[in-house]
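Novice:
Residue numbers (the numbering used here), protein chains in the order written: chain A, 1 to 317; chain B, 1 to 317.
#1: Output needed for residue 19/B: all residues of its chain with C-beta closer than 7 Å, excluding positions within five of it in sequence on either side, in chain order.
#2: In whole angstroms, give me the CA-to-CA distance for residue 122/B and residue 129/A.
#3: Confirm, please, whether the CB-CB distance from residue 77/B to residue 113/B is below 7 Å.
#4: Please state the DSSP three-state secondary structure of residue 239/B.
#5: What are the residues that DSSP puts in a beta bridge with residue 149/B?
#6: According to the neighbour-count rule (16 or more other Cβ atoms, all chains shown, within 10 Å of its Cβ), is residue 157/A buried or exposed?
#7: Determine which residues share a DSSP beta bridge with residue 90/A and list them.
#8: Please list the terminal residues of the continuous alpha helix (DSSP H) segment that includes residue 200/B.
#9: Given that residue 30/B touches chain A, what residues does it touch there, using C-beta distances under 9 Å?
#10: Nearest chain B C-beta to residue 96/A closer than 7 Å, yes or no?
#11: Which whole runs of the alpha helix (DSSP H) in the stretch 91-139 of chain A are 4 residues long or more, in chain order?
#12: Can you tell which of 212/B, 207/B and 227/B has the C-alpha that lies nearest to the C-alpha of residue 283/B?
#13: Can you check whether the C-beta of residue 285/A is within less than 7 Å of a C-beta belonging to chain B?
#14: Counting only Cβ pairs nearer than 7 Å, list the residues of chain A close to residue 116/B.
#15: Could you tell me whether any Cβ in chain A is nearer than 7 Å to the Cβ of residue 107/B?
#16: Would you identify the three-state DSSP class for residue 40/B, choosing helix, strand or coil?
#17: For residue 108/B and residue 270/B, what's the separation of their Cα atoms in angstroms?
#18: Taking a contact to mean a Cβ-Cβ separation below 7 Å, would you say residue 200/A touches residue 279/A in this structure?
#19: Among the candidates 256/A, 101/A, 277/A and 205/A, whose CA atom is the shortest distance from the CA of residue 171/A?
#20: Would you call the CB atoms of residue 25/B and residue 142/A closer than 7 Å?
#21: Among residues of its own chain, excluding the 5 on either side of residue 253/A, which ones have a beta-carbon nearer than 6 Å to its beta-carbon?
#22: Return the Cβ separation of residue 313/A and residue 286/A in integer angstroms, given the expectation that the two are a contact with Cβ distance under 8 Å.
#23: Compare the C-beta of residue 111/B against all C-beta atoms of chain A and say whether one is closer than 7 Å.
#24: Beta-carbon of residue 81/A versus every beta-carbon of chain B: anything under 7 Å?
#25: Residue 85/B versus chain A: which residues are under 7 Å apart at the beta carbon?
#26: Which chain B residues are close to residue 27/A, counting only those with a beta carbon under 8 Å from its beta carbon?
#27: Quick one: what's got a C-beta closer than 7 Å to residue 241/A's C-beta in the same chain, skipping five residues either side?
#28: May I ask you to report which of helix, strand or coil DSSP gives residue 234/B?
#29: Out of 296/A, 140/A and 186/A, which has the shortest C-alpha to C-alpha gap to residue 197/A?
#30: Looking at C-beta atoms only, is the number of pairs between the stretch 5-23 of chain A and the stretch 151-165 of chain A that lie closer than 8 Å three or more?
#31: Assign residue 87/B to buried or exposed, taking buried as 16 or more other Cβ atoms, counted over all protein chains shown, within 10 Å of its Cβ.
#32: Can you tell me whether residue 299/B is buried or exposed? The criterion is at least 16 other CB atoms within 10 Å of its CB, across all chains shown.
#33: When DSSP labels each residue in this structure, what does residue 297/B get in the three-state scheme?
#34: Which residues in chain A sit within 7 Å of residue 134/B, going by Cβ to Cβ distance?
#35: Is residue 249/B helix, strand or coil by DSSP?
#36: Considering only residues of the same chain and omitting the five flanking positions on each side of residue 110/B, which have a CB-CB separation below 6 Å?
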């Protein structure tokens, strides 16, 4: 994915190397499971953003690459704990870490990755960066808790959903771009602007992901469709259906999702224009992101960010 | 427990306040469960050691108390994840966090506490301290993973056990004393010596705890006896029995532990002198700790540390 640009390819290879190096643990089985998980083909958007953020200032590979790797490792840790809780068997078409290691060891493996990430940050960042990264991590946990509390609650509002994904996804995207720019010594205003850009991309990214849970192709998405709805996690399309005149049908449909493979749910989403409305919201965040990106100083980083927004978001639906 | 000394009482009250303040999360149920867990009466040995370590130098409450609180919060996070994995219903006579919140939310609550601890450290410590605390945390996870991997393995050696508790318990005790002294600007040699002292106390503490799992009084210990053995976690007494001439009887006995309430196991432990031999090892660590403590500069901190060793370890069996 990052092969088009030789600079980015080189840096992303270094990120990959740093991530693998951080997975060293005394236990071979755990190490192998984590390496396999690392190799299972995540897009590495977060570290890519850190590197791209760094191109707006004095780029230094030695310090930016470890921070980029740490942010991806935090992401990996949350995925491992998410998969335990969702009891997911597959992620990106591969067995999840807890399927391989058992839930017990998987809980500690997630903890291990989280502390490893902080070790990397401590080695290459200053205290201010560490504060922000720890704060973003706490925000992620907070939002994961909110998501769990909101399970099977048909009264969750769109606002609550947006707040939840703001923590669950957007915060880490924001901090990724922010950290690269900060570490590269960009002026404060530019650093903040890149943080806001990352947040908007993250919001759009999560909404698009949630839409693809209904409209996507299972092979491409890399996980079973309709899983969220079946597990009582009501994302934007379902929430729009629930808060439409089709509320009663929507409640019936989501209750049946698991057995009947969502046929009814698709009808309700269609009737209530829920997918369309969700796409509109995604478009708003994409538009905002494109606007901010367009106003950035001309640079290779800017061009690649705009390409990512186009490829990963715009063209997804 | 810390009421005998007015300085220590004041500082421990401040630690308590800082811990509670760190439990703030958007979710009320989670916050309440964490506050109840915090109030359920842990001994707070780790933060006490940080404070006591600080008395060997220029003690500054404003910076040492938050570090002490952070170390206890890391401990709390590991307890929450441990209890999930052990499926423990009770801790210190109270319902465990996952019994109250469900396992899903409890996993994230542990993560939340871990990141909160790093936020506190980042606010009040320097990068070097953070590195060491992150390293100790990774070591804890590593050892928890080892403990899980060694479950039901009757070939685990005493050496493996000691290594495992070195990470699971001793590392955090060591870093607690170390951090207090470091933050108070003690000379490097004294800082290191206090770290070693904490490690020895931690080793003794865990071995004593493991012995009490067999010889203790359930009400005092605050958790069901023989739980470890029933769950396949073989601690020092069981390992001594397993590596004695009573190996076969020991294997039979531990396999029966759950149904027959350990009657056979007690016989084997007795016959193989396993408890006695475990006590000898504990005594070695206690002796080493007392020796190091005795050679510390004369101070209130030294006296209280020696009292703790006496009360919490020496007099426990």
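For glycine and all other residues, C-beta sits at the position ideal for the given N, C-alpha and C.
Specialist: Taking the definition as stated:
#1: Here residue 19/B corresponds to residue number 19 of the second chain, with the count starting at 1. For residue 19/B, where only same-chain residues beyond five positions count, the Cβ hits under 7 Å are 38, 69, 72 and 73.
#2: Here residue 122/B refers to the residue found at position 122 of the second chain. Here residue 129/A refers to the residue found at position 129 of the first chain. Straight-line Cα distance between these residues: approximately 9 Å.
#3: On the second chain, residue 113/B is found 113 positions in, with the first residue counted as 1. On the second chain, residue 77/B is found 77 positions in, with the first residue counted as 1. In contact: residue 113/B and residue 77/B (Cβ atoms closer than 7 Å).
#4: Indexing the second chain from 1 puts residue 239/B at position 239. Three-state result, residue 239/B: helix.
#5: For the purposes of this step, residue 149/B is taken as residue 149 along the second chain, with counting starting at 1. DSSP lists no partner for residue 149/B.
#6: Position 157 of the first chain holds residue 157/A. With fewer than 16 other Cβ atoms within 10 Å, it is exposed.
#7: If you number the first chain from 1, residue 90/A lands on position 90. In DSSP, residue 90/A forms a bridge with 95/A.
#8: If you number the second chain from 1, residue 200/B lands on position 200. It spans 188-215 - the alpha helix (DSSP H) in which residue 200/B sits, taken as one unbroken run.
#9: Position 30 of the second chain, counted from the start, is the residue given in the question as residue 30/B. Here the neighbours are 142, 145 and 149.
#10: In the first chain, counting from the first residue as 1, residue 96/A sits at position 96. Taking Cβ atoms only, chain B never reaches closer than 7 Å to residue 96/A, which makes this a no.
#11: 97-101 and 103-124
#12: Within the second chain, the letter at position 283 stands for residue 283/B. Checked all of 212/B, 207/B and 227/B; the closest Cα to residue 283/B is 207/B.
#13: By 1-based counting over the first chain, the position of residue 285/A is 285. For residue 285/A, the answer is no, since every Cβ of chain B falls outside 7 Å of its Cβ.
#14: Here residue 116/B is taken as the residue at index 116 of the second chain, counted from 1. Going along chain A in sequence order, the residues near residue 116/B (Cβ under 7 Å) are 138.
#15: Position 107 of the second chain, counted from the start, is the residue given in the question as residue 107/B. Yes, contact with chain A.
#16: Counting from 1 along the second chain, the entry for residue 40/B is found at position 40. In this structure, residue 40/B counts as coil in the three-state DSSP scheme.
#17: Numbered from its first residue, the second chain carries residue 108/B at position 108. Numbered from its first residue, the second chain carries residue 270/B at position 270. Computed Cα separation, rounded: 42 Å.
#18: As a position in the first chain, residue 200/A is number 200, starting the count at 1. As a position in the first chain, residue 279/A is number 279, starting the count at 1. No, the pair does not count as a contact, with Cβ atoms beyond the cut-off.
#19: The sequence position of residue 171/A within the first chain is 171, counting from 1. Comparing Cα positions, the closest option is 205/A.
#20: Locating residue 25/B in the second chain gives position 25, where the first residue counts as 1. Locating residue 142/A in the first chain gives position 142, where the first residue counts as 1. Yes, the pair counts as a contact, with Cβ atoms nearer than the cut-off.
#21: What you label residue 253/A is simply residue 253 of the first chain in a count that begins at 1. If we look at residue 253/A and ignore the five residues flanking it on each side, its Cβ neighbours are 264, 265 and 268.
#22: Within the first chain, numbered from 1, the residue matching residue 313/A stands at position 313. Within the first chain, numbered from 1, the residue matching residue 286/A stands at position 286. Confirmed, Cβ separation roughly 5 Å.
#23: The sequence position of residue 111/B within the second chain is 111, counting from 1. Yes, residue 111/B counts as interfacial toward chain A.
#24: Counted from its first residue, the first chain places residue 81/A at position 81. Output row for residue 81/A: interface = yes.
#25: The residue you call residue 85/B lines up with position 85 of the second chain. The contacting residues are 104 and 107.
#26: Residue mapping note: residue 27/A aligns to position 27 of the first chain, counting from 1. By Cβ distance, chain B contributes 142, 145, 146 and 149.
#27: As a position in the first chain, residue 241/A is number 241, starting the count at 1. Around residue 241/A: 250, 268, 269, 272 and 274.
#28: The count along the second chain starts at 1 and reaches residue 234/B at position 234. Residue state, collapsed to three classes: coil.
#29: Translated into positions along the first chain, residue 197/A becomes position 197. If you compare the alpha carbons of 296/A, 140/A and 186/A with that of residue 197/A, the shortest gap goes to 296/A.
#30: With a cut-off of 8 Å, the stretch 151-165 of chain A and the stretch 5-23 of chain A do not count as touching, because too few Cβ pairs lie within range.
#31: Position 87 of the second chain, counting from 1, holds the residue named residue 87/B. The residue is exposed, with fewer than 16 neighbouring Cβ atoms inside 10 Å.
#32: Within the second chain, the letter at position 299 stands for residue 299/B. Exposed, because fewer than 16 other Cβ atoms sit within 10 Å of the Cβ of residue 299/B.
#33: Along the second chain, one-based indexing puts residue 297/B at 297. Residue 297/B falls in the coil class under three-state DSSP.
#34: Looking up residue 134/B in the second chain gives position 134. Per Cβ cutoff of 7 Å: 115, 118, 119 and 122.
#35: Within the second chain, the letter at position 249 stands for residue 249/B. Note: residue 249/B maps to helix in three-state DSSP.
#36: The count along the second chain starts at 1 and reaches residue 110/B at position 110. Excluding its 5 nearest sequence neighbours in each direction, residue 110/B has C-beta neighbours in its own chain below 6 Å: 77, 80 and 81, listed in chain order.
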